[in-house]
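*Asks:* Have a look at the structure that comes next, please.
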Amino acid sequence: AQKITQTQPGMFVQEKEAVTLDCTYDTSDPSYGLFWYKQPSSGEMIFLIYQGSYDQQNATEGRYSLNFQKARKSANLVISASQLGDSAMYFCAMRGGGGKLIFGQGTELSVKP
Amino acid sequence: AAGVIQSPRHLIKEKRETATLKCYPIPRHDTVYWYQQGPGQDPQFLISFYEKMQSDKGSIPDRFSAQQFSDYHSELNMSSLELGDSALYFCASSLGASQFYEQYFGPGTRLTVT
Numbered sequence: 005a006q007k008i009t010q011t012q013p014g015m016f017v018q019e020k021e022a023v024t025l026d027c028t029y030d031t032s033d034p035s036y037g038l039f040w041y042k043q044p045s046s047g048e049m050i051f052l053i054y055q056g057s058y059d060q061q062n063a064t065e066g067r068y069s070l071n072f073q074k075a076r077k078s079a080n081l082v083i084s085a086s087q088l089g090d091s092a093m094y095f096c097a098m099r100g101g102g103g104k105l106i107f108g109q110g111t112e113l114s115v116k117p
Numbered sequence: 003a004a005g006v007i008q009s010p011r012h013l014i015k016e017k018r019e020t021a022t023l024k025c026y027p028i029p030r031h032d033t034v035y036w037y038q039q040g041p042g043q044d045p046q047f048l049i050s051f052y053e054k055m056q057s058d059k060g061s062i063p064d065r066f067s068a069q070q071f072s073d074y075h076s077e078l079n080m081s082s083l084e085l086g087d088s089a090l091y092f093c094a095s096s097l098g099a100s101q102f103y104e105q106y107f108g109p110g111t112r113l114t115v116t
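Chains as they are written, first to last, in my numbering: chain A, 5 to 117; chain B, 3 to 116.
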């Protein structure tokens with residue numbers, strides 16, 4: 005069975021600093037995709053970044069980067085230069101065969117001015 | 003760029019009533035997923051469709067049914083609503099069911115059962 009674990013229920017970061025949100029996963033499938041989504045208080049689910057299991061390089065999208073350590077089964081999200089608008093719930097998710105997403109419990113990030 | 007469209011955005015129903023949620027995927031996306039997110043919970047997979055055929059089924063109650071139509075839009079039908087069905091319902095679409103494709107979410111339908 006596939007599983008995603010996010011061990012940080014809540015995180016605080018000072019504006020303009022970098023923050024790392026942890027995510028570990030478990031799967032026996034060699035082919036999978038790892039995703040991060042942002043969910044603001046308004047409720048929508050915003051796709052941030054994706055990493056494929058065969059990708060050699062860590063994914064980056066603007067201020068977001070994914071620290072992918074396959075041997076440790078971790079896919080941490082790094083947000084650089086935090087902004088007040090980054091305050092939201094962040095979900096790590098895995099997509100295996102069949103395509104459905106399995107989500108972690110989420111991490112609530114609060115950015116302090 | 004076009005996004006996933008869901009309607010209605012908000013819905014209030016009474017217990018034992020029925021509800022129909024609609025989803026219009028991103029153009030050319032042939033795969034649709036439905037998720038349910040309870041208060042303070044992570045989204046849970048309900049059901050998915052690929053090329054108008056049901057492709058996978060999760061923890062969807064028997065009171066719920068869904069289908070994908072010829073224009074690829076999908077509808078989630080919910081009957082005999084219970085208080086516990088109050089949740090945010092997301093539809094997501096992707097180009098195929100591959101684990102290597104991004105899945106984009108609609109804005110969600112917030113269902114409140116009273």
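Each residue gets a CB set at the ideal place from its N, CA and C atoms; glycine is no exception.
Kindly indicate which three-state DSSP category B:Gly86 falls into: helix, strand or coil?
*Replies:* helix
*Asks:* Helix, strand or coil for B:Asp58 per DSSP?
*Replies:* strand
*Asks:* Tell whether a beta-carbon distance below 8 Å holds between A:Glu48 and A:Val115.
*Replies:* no
*Asks:* Given a cut-off of 8 Å on the beta-carbon distance, is the pair B:Leu85 and B:Arg112 in contact?
*Replies:* Taking 8 Å as the cut-off, the beta carbon of B:Leu85 is found no closer than this to the beta carbon of B:Arg112.
*Asks:* Can you give me the start and stop residues for the beta strand (DSSP E) that A:Ala92 sits inside?
*Replies:* Where A:Ala92 is concerned, the enclosing beta strand (DSSP E) stretches over 92-99.
*Asks:* Going by DSSP, which residues form a beta bridge with B:Phe51?
*Replies:* B:Val34, B:Gln56
*Asks:* Counting contacts by CB-CB distance shorter than 8 Å, is A:Gly108 in contact with chain B?
*Replies:* Cβ-Cβ to chain B under 8 Å: yes for A:Gly108.
*Asks:* Could you check the C-alpha separation between B:Ala2 and B:His31 for me, to the nearest Å?
*Replies:* Absent from the structure is residue 2 of chain B, since the part of chain B shown begins at 3 and ends at 116.
*Asks:* Going along the chain, which unbroken runs of the beta strand (DSSP E) with 3 or more residues stay wholly within the region 24-69 of chain A?
*Replies:* 28-30, 37-43, 50-56
*Asks:* To the nearest angstrom, how far is the alpha carbon of B:Phe71 from that of B:Thr33?
*Replies:* 11 Å
*Asks:* For the region 95-109 of chain A against the region 19-35 of chain A, are there 3 or more C-beta pairs whose distance is under 8 Å?
*Replies:* Contact between the region 95-109 of chain A and the region 19-35 of chain A is present, because at least three Cβ pairs lie under 8 Å.
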